[in-house]
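Student:
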């Protein structure tokens, strides 16, 4: 009860009320907004839907998020290289980590080869049953090669170092095969147009 009370007092008073008259239940009004700089807005994926929700649902959600976040950090449920949606971690830190790895490769007269994947339609396309299985396996109860990697919510970047870009190709292929394997097992799909390989020579 203390958690709910805390979240009620943390609610933002300036948020617009819904039909219940309460400031900031799960009755949402969806407003589509255009993604900037696109040519043809006939495709649904070029719009970003936003939900206008009433406050009570947000409070319960905030309590659940707080509990899951605590469990994730306390029990090490995510790998240390996962930066997305975690407290005290940022995209800037991930880039600094990658930058340091690039400089380290250069200092040792090596080439860093990096591949970046983007999961298509992450939130809409999530395989919910499998996600719930994985959460349960990590103790979150159901409610009703030479290199490195960085993960966010829907992006995964991995790299390898070697004497030349050509020498790194076989290791990059291993990463690609591993990612494709994960894609099949998870039910997710990588967006081909957003996949990129970069060589830092």
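In the numbering used here, the protein residues as written are 4 to 204.
Where is the CB? At the ideal position from N, CA and C, for every residue including glycine.
Keep in mind the model is a prediction, meaning the values are calculated, not measured.
7 angstroms is my cut-off, CB to CB: does residue 169 come that close to chain B?
Tutor: Absent here is chain B; the protein component of the structure consists of one chain.
Student: Please state whether DSSP places residue 180 in a helix, a strand or coil.
Tutor: The residue labelled residue 180 in the question sits at position 177 within the chain shown. Here residue 180 sits in helix by DSSP.
Student: For residue 84, name the three-state secondary structure that DSSP assigns.
Tutor: One-based indexing of the chain shown puts residue 84 at position 81. Three-state DSSP puts residue 84 in coil, outside helix and strand.
Student: Per the DSSP calculation, residue 119 is bridged to which residue(s)?
Tutor: If you number the chain shown from 1, residue 119 lands on position 116. Its beta-bridge partners are 160, 199.
Student: Between the beta-carbon of residue 202 and the beta-carbon of residue 168, is there less than 7 angstroms?
Tutor: Stepping through the chain shown from its first residue, residue 202 is reached at position 199. Stepping through the chain shown from its first residue, residue 168 is reached at position 165. Yes, the Cβ-Cβ distance between residue 202 and residue 168 is below 7 angstroms.
Student: Can you name, in chain order, every residue of its own chain whose Cβ lies under 8 angstroms from the Cβ of residue 9, other than the five neighbours on each side?
Tutor: By one-based count along the chain shown, residue 9 stands at place 6. Within the same chain, residue 9 has no close Cβ partners at all.
Student: Go to residue 32, then tell me how far its beta strand (DSSP E) extends in each direction, as first and last residue.
Tutor: For the purposes of this step, residue 32 is taken as the residue at position 29 of the chain shown. Element bounds for residue 32: 32 to 37.
Student: Helix, strand or coil, according to DSSP, for residue 137 in the structure here?
Tutor: As a position in the chain shown, residue 137 is number 134, starting the count at 1. Three-state result, residue 137: helix.
Student: Are the CB atoms of residue 161 and residue 105 nearer to each other than 7 angstroms?
Tutor: Counting from 1 along the chain shown, the entry for residue 161 is found at position 158. Counting from 1 along the chain shown, the entry for residue 105 is found at position 102. Not closer than 7 angstroms, so no.
Student: Round the Cβ separation of residue 41 and residue 49 to the nearest angstrom and send it over; I've been treating them as touching at under 8 angstroms.
Tutor: Taking the chain shown and counting its residues from 1, one reaches residue 41 at position 38. Taking the chain shown and counting its residues from 1, one reaches residue 49 at position 46. So it is a contact: roughly 5 angstroms between Cβ atoms.
Student: Can you tell me which of the three DSSP states residue 46 falls into?
Tutor: Taking the first residue of the chain shown as 1, we reach residue 46 at position 43. Residue state, collapsed to three classes: coil.
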